[in-house]
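A short write-up of the structure that comes next.
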Amino acid sequence: MRFLPILMTIGSALGAVLVDFQSARGDDPSVLGLRNLETKRGTMIPDNIPDLFIRKGKDPNGAPVAHFHKKKGMLRAEYHSLNKETKKDKTYAIRYEFSLGAIEQSLSIWQLWRRHVPLALKFSRSNLQLQYQPKWDAPRQILWQTAPRLNTKYRADFLINTGTPGWVEFSWNGQVQKLGPQGEARFAATTFPGRSDPKFGAYLADNVDVEFYIYRVLIQEK
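In mature numbering (1 follows the signal peptide of the UniProt record, and there is no 0), the protein residues as written are -15 to -1, 1 to 207.
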């Protein structure tokens, strides 16, 4: 499995750095890209409000973070990275460090976005799942899942190839994970349905208050 070490070296010599957000050095969340604040379906707002915001802050343990706050009834607090910049036949490495202030059914904390969402980190009950949808009218597949804890820092790493077909590799807290029913380290997938822009933050689960914290996002192109 000669490809596995690549995933573990994200942040070193993989390739060109496209996005590098580090809360510990005082970066503003705007480093992540385009801010998406949506109060209800189809209603986007340009600026932070008390019930819906993304701003520099601290987690419950006092560590600096990008703080994503979504009051009950609010739909989306996300950053859209690499807007219209992702390309076909590329390999992207994504490092994502975060903690959860809420665990709730349907809460999505990461998406690979286009008309449909081919890959997403999303909750089903108390389980955080890596979900895959090859096309918009296909059922979602569960590639991997875990039961995370509140106010605990986690690291997720993705290696995503946008070929035809593409593939994805995934690690959790530095450990390569087996994906899909066959337990594959490299899962063949449709990863580029026209675009593959990553989105970070809190989406859906509008029946509860959501606090979400991001420490680090690093995106590189191989």
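The beta-carbon is built from N, C-alpha and C at its ideal position, and this holds for glycine as well.
Return helix, strand or coil for residue i, following the three-state DSSP convention.
{"i": "valine 195", "result": "strand"}
{"i": "proline -11", "result": "Only weak support exists for where proline -11 lies, its pLDDT of 43 falling under 50; the coordinates are left without a value."}
{"i": "residue 212", "result": "One cannot answer for residue 212 here, as it falls past the ends of the chain, which runs -15 to 207."}
{"i": "alanine 9", "result": "helix"}
{"i": "serine 15", "result": "helix"}
{"i": "threonine 176", "result": "coil"}
{"i": "lysine 72", "result": "coil"}
{"i": "lysine 184", "result": "strand"}
{"i": "serine 91", "result": "coil"}
{"i": "leucine 104", "result": "strand"}
{"i": "glutamine 205", "result": "strand"}
{"i": "arginine 140", "result": "strand"}
{"i": "alanine 123", "result": "coil"}
In whole angstroms, what is the alpha-carbon distance linking residue i and residue j?
{"i": "glutamine 96", "j": "phenylalanine 53", "result": "15 Å"}
{"i": "arginine 171", "j": "tryptophan 157", "result": "14 Å"}
{"i": "phenylalanine 143", "j": "isoleucine 34", "result": "32 Å"}
{"i": "aspartate 74", "j": "proline 178", "result": "12 Å"}
{"i": "valine 195", "j": "alanine 174", "result": "31 Å"}
{"i": "isoleucine 204", "j": "glycine 151", "result": "18 Å"}
{"i": "proline 45", "j": "lysine 138", "result": "11 Å"}
{"i": "valine 102", "j": "alanine 48", "result": "31 Å"}
{"i": "leucine 60", "j": "leucine 92", "result": "10 Å"}
{"i": "arginine 201", "j": "proline 166", "result": "30 Å"}
{"i": "lysine 207", "j": "alanine 78", "result": "8 Å"}
{"i": "aspartate 12", "j": "proline 183", "result": "19 Å"}
{"i": "tyrosine 188", "j": "isoleucine 94", "result": "7 Å"}
{"i": "lysine 120", "j": "glutamate 169", "result": "21 Å"}
{"i": "glutamate 63", "j": "arginine 20", "result": "6 Å"}
Residue i lies in the beta strand (DSSP E); which residues open and close that run?
{"i": "asparagine 21", "result": "19 to 25"}
{"i": "tryptophan 157", "result": "151 to 157"}
{"i": "methionine 29", "result": "28 to 30"}
{"i": "glutamine 126", "result": "126 to 131"}
{"i": "arginine 61", "result": "61 to 65"}
Going by DSSP, what residues sit across from residue i in a beta bridge?
{"i": "serine 109", "result": "Asn112"}
{"i": "leucine 37", "result": "Ile34, Lys55"}
{"i": "serine 84", "result": "Tyr198"}
{"i": "valine 161", "result": "Ser156"}
{"i": "asparagine 146", "result": "Thr76, Trp152"}
{"i": "glycine 42", "result": "Val50"}
Give a yes or no on whether 8 Å exceeds the smallest Cβ distance from residue i to chain D.
{"i": "lysine 207", "result": "Absent here is chain D; the protein component of the structure consists of one chain."}
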